[in-house]
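**Q**
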Amino acid sequence: MEAETIKSEVEKRLPAGRFAHVLRVANTAEELARLFGEDPARARTAALLHDVAKAMPKEELREMVLSEGDPQKVLGFHHELWHAPAGALIAEREFGIADRGILNAIRFHTTGRAGMSALEQIIYTADMIEPGRDFPGVEALREESRKSLSGGVAACTAHNLCYLAGKRAGIHPDTLACYNDSLH
Ligand SMILES: [Fe+2]
Ligand SMILES: [Fe+2]
Numbered sequence: 001m002e003a004e005t006i007k008s009e010v011e012k013r014l015p016a017g018r019f020a021h022v023l024r025v026a027n028t029a030e031e032l033a034r035l036f037g038e039d040p041a042r043a044r045t046a047a048l049l050h051d052v053a054k055a056m057p058k059e060e061l062r063e064m065v066l067s068e069g070d071p072q073k074v075l076g077f078h079h080e081l082w083h084a085p086a087g088a089l090i091a092e093r094e095f096g097i098a099d100r101g102i103l104n105a106i107r108f109h110t111t112g113r114a115g116m117s118a119l120e121q122i123i124y125t126a127d128m129i130e131p132g133r134d135f136p137g138v139e140a141l142r143e144e145s146r147k148s149l150s151g152g153v154a155a156c157t158a159h160n161l162c163y164l165a166g167k168r169a170g171i172h173p174d175t176l177a178c179y180n181d182s183l184h
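Numbering follows the UniProt record's numbering, with no gaps: position 116 of the sequence shown is 116.
(1) Going by the CB atoms, is the gap between Ala91 and Leu81 shorter than 8 Å?
(2) Does ligand 1 have even one heavy atom less than 7 Å from the beta-carbon of Asp174?
(3) Could you check whether Val65 and Leu75 sit closer than 8 Å to each other, using their CB atoms as the reference points?
(4) Using the beta-carbon count (16 or more within 10 Å), is Gly115 buried or exposed?
(5) Would you mind listing the alpha helix (DSSP H) stretches within the UniProt domain "HD" (18–132) that are 4+ residues and don't spill past its ends, in chain order?
(6) Compare the C-alpha of Ile97 against each of Thr45, Lys147 and Asp51 and name the closest.
(7) Within a Cβ cutoff of 6 Å, which residues of the same chain sit near His79, ignoring the five residues on either side of it in sequence?
(8) Checking contacts by CB at 8 Å: is Gly17 closer than that to chain B?
(9) So for Lys167, helix, strand or coil by DSSP?
(10) Tell me where the alpha helix (DSSP H) around Leu148 begins and ends.
(11) By the DSSP assignment, the alpha helix (DSSP H) with Glu9 in it spans what residues?
(12) Please go through the same chain and pick out, in chain order, the residues whose beta-carbon is closer than 8 Å to the beta-carbon of Leu149, but skip the five residues on each side of it.
(13) Mapping the DSSP letters down to three states, classify Asp134 as helix, strand or coil.
(14) Kindly provide the chain-ordered list of residues whose Cβ lies closer than 5 Å to any non-hydrogen atom of ligand 2.
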C-alpha cells in the first residue's frame, strides 16, 4: 500500500487532533531517519500507522490483543498500552504490512523494549518529541534525540519512568528493560 493510501485510510480511523499528531510523528520520524542513515520511507510508514488503533473502543482492543494470546502481556497494564500491539496487528492484517521491522516499531512504540532496532528507536522518540508536544522537559528530549538515537531513547525512557512513577501508574516490564538497556 502506498504511503498516500495509508495516510488517507488512517485519517478515516482517527479524530482530527490525533491524525494531526500522526502526521507530525511521520515528519519527525522521517527527519530522524535521514539524520541517522535509516530508511525514511519505512520510518514514514511505521509512523503513519503507529496510532492506527488509538481510537478503537477498549473492548475491541482487548479482543484484538487476546487474539494473539497477549504475548507482551499488556492487558494487565493500563489500557493506554493496548493500542500499540493492536496497531501492529491492524497494520499486518488490514494494511498488508509484511515488514517485521515496521510491525515491531508499531508494537513497541509505547512501552519500548530492550535491544530496540534503529527504526523502533525512531518511532519511540518521534512520538515523544514531535513538535506538538509541550510537556516540561521536552526540549531536552529533542536535543538528546538529535544527537543519537540511543541517547534519545535513554532520555525519553527516563522521562517516562519518572512520569509514570510520579502518578503511581504501573510500569510495564518492557519499559523497565528498555530503561536498564539504555544505561549501557
Ligand atoms: Fe501511541
Ligand atoms: Fe502517538
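Don't be surprised by glycine CBs; every beta carbon is placed ideally from N, CA and C.
**A** In this structure, then:
(1) Position 81 of the sequence shown holds residue 81. Position 91 of the sequence shown holds residue 91. Result no, Cβ atoms of Leu81 and Ala91 do not sit closer than 8 Å.
(2) Against the sequence shown, residue 174 aligns to sequence position 174. No - ligand 1 has no heavy atom lying nearer than 7 Å to the Cβ of Asp174.
(3) Position 75 of the sequence shown, counting from 1, holds the residue named residue 75. Position 65 of the sequence shown, counting from 1, holds the residue named residue 65. Contact flag set, yes.
(4) Residue mapping note: residue 115 aligns to position 115 of the sequence shown, counting from 1. Burial call: exposed.
(5) 40–49, 58–67, 83–93, 100–107 and 118–129
(6) Taking the sequence shown and counting its residues from 1, the one referred to as residue 97 is at position 97. Among Thr45, Lys147 and Asp51, the Cα nearest to that of Ile97 is on Thr45.
(7) Position 79 of the sequence shown, counted from the first residue, corresponds to residue 79. These residues qualify, in order along the chain: Lys58.
(8) No chain B is part of this structure, which consists of one protein chain only.
(9) The residue labelled residue 167 in the question sits at position 167 within the sequence shown. Lys167: coil per DSSP, three-state reduction.
(10) Within the sequence shown, the letter at position 148 stands for residue 148. A quick correction: the sequence has Ser, not Leu, at residue 148. From DSSP, Ser148 is part of no alpha helix (DSSP H); its letter is neither H nor E.
(11) Indexing the sequence shown from 1 puts residue 9 at position 9. Taken as a continuous stretch (DSSP letters only), the alpha helix (DSSP H) holding Glu9 covers Ala3 to Arg13.
(12) Position 149 of the sequence shown, counting from 1, holds the residue named residue 149. The answer, listed in chain order, is Leu32, Phe36, Ala118, Gln121, Ile122 and Thr125.
(13) For the purposes of this step, residue 134 is taken as residue 134 along the sequence shown, with counting starting at 1. Here Asp134 sits in coil by DSSP.
(14) Asp51 and Asp127
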